[in-house]
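Counting from 57, one number per residue, gives the positions in the sequence shown under the working numbering. What follows is one structure encoded as structure tokens, with my remarks underneath.
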Amino acid sequence: MMGQKSMRTPSKTRVLRALVLAVCSFLIATLAACTVGPNYVRPTAEVSPGYKELDGWKVAQPNDDTLRGPWWEMFNEPDLNALESQVDVSNQTIAVAEAAYRQAVALVQQARSAYFPTVTVGFSLANSSSSTTVSVRNQSNGRTNNTQYTLPVNVSWEIDVFGRIRRQVESASASAQASAADLATAQLAIQTELAQDYFQLRALDAQKKLLDENVVDFQKSLELTQNQYAAGIVSRADVLQAQTQLQSTQAQAIDVEVQRAQFEHAIAVLVGQPPAEITVADMALAGQPPAIPVGLPSELLERRPDIASAERLVAAANAQIGVAEAAYYPTVTLSSVGGFNTTSSSKLFSLPSRFWAVGPTVTQTVFDGGLRAGQTAQARAVYDANVATYRQAVLTGFQQVEDNVAALKIFESEAQVQDEAVKAAQQTVTVFTNQYKAGIVNYLNVIVAQTAALNNERTAITIMGNRFTAAVLLIKALGGGWNVSDLPASP
Numbered sequence: 057m058m059g060q061k062s063m064r065t066p067s068k069t070r071v072l073r074a075l076v077l078a079v080c081s082f083l084i085a086t087l088a089a090c091t092v093g094p095n096y097v098r099p100t101a102e103v104s105p106g107y108k109e110l111d112g113w114k115v116a117q118p119n120d121d122t123l124r125g126p127w128w129e130m131f132n133e134p135d136l137n138a139l140e141s142q143v144d145v146s147n148q149t150i151a152v153a154e155a156a157y158r159q160a161v162a163l164v165q166q167a168r169s170a171y172f173p174t175v176t177v178g179f180s181l182a183n184s185s186s187s188t189t190v191s192v193r194n195q196s197n198g199r200t201n202n203t204q205y206t207l208p209v210n211v212s213w214e215i216d217v218f219g220r221i222r223r224q225v226e227s228a229s230a231s232a233q234a235s236a237a238d239l240a241t242a243q244l245a246i247q248t249e250l251a252q253d254y255f256q257l258r259a260l261d262a263q264k265k266l267l268d269e270n271v272v273d274f275q276k277s278l279e280l281t282q283n284q285y286a287a288g289i290v291s292r293a294d295v296l297q298a299q300t301q302l303q304s305t306q307a308q309a310i311d312v313e314v315q316r317a318q319f320e321h322a323i324a325v326l327v328g329q330p331p332a333e334i335t336v337a338d339m340a341l342a343g344q345p346p347a348i349p350v351g352l353p354s355e356l357l358e359r360r361p362d363i364a365s366a367e368r369l370v371a372a373a374n375a376q377i378g379v380a381e382a383a384y385y386p387t388v389t390l391s392s393v394g395g396f397n398t399t400s401s402s403k404l405f406s407l408p409s410r411f412w413a414v415g416p417t418v419t420q421t422v423f424d425g426g427l428r429a430g431q432t433a434q435a436r437a438v439y440d441a442n443v444a445t446y447r448q449a450v451l452t453g454f455q456q457v458e459d460n461v462a463a464l465k466i467f468e469s470e471a472q473v474q475d476e477a478v479k480a481a482q483q484t485v486t487v488f489t490n491q492y493k494a495g496i497v498n499y500l501n502v503i504v505a506q507t508a509a510l511n512n513e514r515t516a517i518t519i520m521g522n523r524f525t526a527a528v529l530l531i532k533a534l535g536g537g538w539n540v541s542d543l544p545a546s547p
């Protein structure tokens, strides 16, 4: 009878342990469904139904109503296309942004690692010697030496009962998406800066061509005055005036060369090359900037990477509120240790040398002097600041679109008026030149007319360059060919 009782007791104990384990597992699974902190809702932002500056000005619609991919190709500039293709590969600012994105992805991986147990394996060897002056029962007073071999395996797992780890992963994932948008913002900024420099360089090429043509004309005018002076028709002053005009125009052409060289050097740096390695062939700017699809203001929230980055940082800050609030709840950790321990190296891996221990640990902070309250208040303040930054980014985006739409509209009207001014100035030069040859007016009238014509033609070139620059900046304001769907999925 006694033998039967001793056989039943271990069986009952095992059943009881299994029941307790099942209950604990059910409670943990139930509590794990709870995630403290507010669930993320995208903050609202003021969006107008349309762009103000589009009123009264119709943009010609291209074949596609949205910007896509390599937007610079719409300018039909092969040299620009070749330069833009080098930006993502060689530009160092983009390399920095790309490295920052990889860091953010690595932080997501670090946060996700908390979902899994931490397992460590070690080995220790300890030699010890007992004191000869201490009397131990059933032991002689002689010195005893002892050697212990230990091979432990430790397993520790924090059970995410209240969602602290889930919120950390959520925050890290949103931050990684913000970093990806920052990378796209850096790419767009460098691409547009390169396009701006390129078109400014082309405008300088057009000015250089204009100045060179005027140098040839002024050289002929100087020869005319010299011949008339030799014939005694005009005074020495006419020759000096013609010579002054010629040399001042030559000086302006040299100044344009300096500016062009600086833009060429800037382009080289943007494509990640030493200035000595990049040469952009001379080619005067001509034609009209392409039609740019503006779309609706509501689309801007999906098309600008800087706005997307600001919104993702709001999501990250929202998750951090949950992390801070989770500190008010207990932390549940399941720990276990097992391995082998012996005083004889030959018996280290034998069954009698094994040991183990397993059990949960629940810890709860009962007093922290307001630390958790301060951390939660800080997290909420960071969230509010990110919401304000997001809304400001939206407003800034609308402003930039309106600014550059207005610039394109005004520059187009200005170009039309300036073209008429150039035609009138050129006709004036012709009239005064003929009158001078006939001896009706002095040479000062011709110089004044020629200078006015040259200035008006240079102004027309400047306006053309400004139109191309405004087109590039409008594309940047619209987000280029980017879309929020380009963001990597949340891990």
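Glycine residues also receive a C-beta, built at the ideal position from the N, C-alpha and C atoms.
- Query: Which whole-angstrom value describes the C-beta separation of residue 180 and residue 201, a residue pair presumed to lie in contact below a C-beta threshold of 8 Å?
  - Reply: Between residue 201 and residue 180 the Cβ distance is about 17 Å, and since that is not below 8 Å, they are no contact.
- In angstroms, rounded to a whole number, what distance separates the CA positions of residue 538 and residue 159? 22 Å
- Task: Just mark residue 532 as buried or exposed, buried being the case when its beta carbon has 16 or more other beta carbons within 10 Å.
- Result: Classification of residue 532: buried, given that the 10 Å Cβ count is 16 or more.
- Item | Cβ shell of residue 263 (< 7 Å), same chain only, five flanking positions each side left out | 312, 514 and 517
- Task: Quick one: give me the first and last residue of the beta strand (DSSP E) that residue 202 is part of.
- Result: 201-215
- Message: Suppose you measure from the CA of residue 424 to the CA of residue 227; what does that come to, to the nearest Å?
- Response: So the alpha carbons of these two residues sit roughly 25 Å apart.
- Can you give the Cα-Cα distance for residue 99 and residue 370, rounded to whole angstroms? 8 Å
- Have a look at residue 452 and residue 315 and give me their C-alpha separation to the nearest angstrom. It is roughly 31 Å from the alpha-carbon of residue 452 to the alpha-carbon of residue 315.
- Query: In three-state DSSP terms, what is residue 397?
  - Reply: strand
- Task: To the nearest angstrom, report how far apart residue 355 and residue 376 are at their CA atoms.
- Result: It is roughly 29 Å from the alpha-carbon of residue 355 to the alpha-carbon of residue 376.
- Query: When DSSP labels each residue in this structure, what does residue 98 get in the three-state scheme?
  - Reply: coil
- Name the DSSP beta bridge partners of residue 415, please? 391
- If residue 340 and residue 265 are in contact, beta carbons under 8 Å, what's the gap, nearest whole angstrom? 5 Å
- Task: Figure out for me which residue from 495, 526 and 407 has the closest Cα to the Cα of residue 463.
- Result: 526
- Task: Check residue 410 in the structure and name its three-state DSSP category.
- Result: strand
- Item | Alpha carbon of residue 271 to alpha carbon of residue 488, nearest angstrom | 18 Å
- Task: Per DSSP, which residues does residue 182 bridge with? Please list them.
- Result: 204
- With a threshold of 16 other CB atoms inside 10 Å of the CB of residue 205, please say whether the residue is buried or exposed. buried
- Comparing alpha-carbon positions, which option in 459, 469, 384 and 471 lies nearest residue 431? 384
- Message: Could you compute how far the alpha carbon of residue 353 sits from the alpha carbon of residue 543?
- Response: Distance from the CA of residue 353 to the CA of residue 543, rounded to the nearest whole angstrom, comes to 20 Å.
- Task: Go ahead and label residue 412 buried or exposed: buried means 16 or more other beta carbons lie within 10 angstroms of its beta carbon, across all protein chains shown.
- Result: exposed
- Look up residue 174 in the DSSP assignment and give the residues it is bridged to. 212
- Who are the near neighbours of residue 236 in its chain, counting only those whose CB is closer than 6 Å to its CB and skipping five residues on each side? 157, 543 and 544
- Within this structure, are the beta carbons of residue 326 and residue 249 separated by less than 8 Å? Taking 8 Å as the Cβ cut-off, residue 326 and residue 249 qualify as a contacting pair.
- Could you tell me the distance, in whole angstroms, from the CA atom of residue 155 to the CA atom of residue 358? 24 Å
- So, does the CB of residue 403 fall closer than 8 Å to a CB anywhere in chain B? No chain B appears in this structure, which consists of one protein chain only.
- Task: Sort 399, 393 and 436 by Cα distance to residue 416 and report the nearest one.
- Result: 393
- Query: Is residue 529 near residue 123, with beta carbons less than 8 Å apart?
  - Reply: no
- Task: Report yes or no: do three or more beta-carbon pairs, one from the segment 211-219 and one from the segment 399-413, lie closer than 8 Å?
- Result: Verdict: no, contact absent.
- Query: Alpha carbon to alpha carbon, how far is residue 309 from residue 501?
  - Reply: 23 Å
- Query: Nearest-angstrom Cα distance between residue 136 and residue 258?
  - Reply: About 11 Å.
- From which residue to which residue does the alpha helix (DSSP H) around residue 225 run? Element bounds for residue 225: 220-286.
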